[in-house]
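Numbering-wise, the sequence shown is residues 250 to 325 according to this note's numbering. Written out below as structure tokens is the structure these notes cover.
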Amino acid sequence: SLFFTKKKKRPHINTKVDKDKEKVATDFPIEDLGDKKVFCRCWKSNKFPLCDGSHNQHNKETGDNVGPLILKSSEG
Ligand code: FES
């Protein structure tokens with residue numbers, strides 16, 4: 250019955266980044282940002298935490314609309 254159904258585990262968003270860790274948190278020194286850095290938000294990048302464009306294939310396959318966080322200097 251409805252009352253005894255086990256709560257279904259929902260799929261992981263992170264399928265490959267540091268799965269041996271309890272939590273993936275990344276330090277990135279502000280000094281290393283340079284003029285522009287593009288950070289992955291889809292968890293599919295092979296260069297995580299940086300974006301490698303893998304979000305494009307993910308969006309194509311799933312109809313999702315995810316993309317990177319782009320940090321860039323307003324100077325220059
Ligand atoms: Fe993940 Fe681009 S590869 S946002």
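We put the CB at the ideal spot given by N, CA and C, even for glycine.
Member of the options whose CA lies at the smallest distance from the CA of residue i
i, options, result
"H307", "P278, R290 and P298", "R290"
"N295", "T311, K265 and R259", "K265"
"T275", "E310, F297, L318 and K256", "F297"
"L299", "K309, K286, T311 and E310", "K286"
"E271", "N263, R259 and F277", "N263"
Cβ shell of residue i (< 7 angstroms), same chain only, five flanking positions each side left out
i, result
"D313", "H307"
"L282", "L320"
"K293", "S303, H304 and H307"
"D301", "S294 and N295"
Residue i in three-state terms, based on DSSP
i, result
"I262", "coil"
"K285", "strand"
"K321", "strand"
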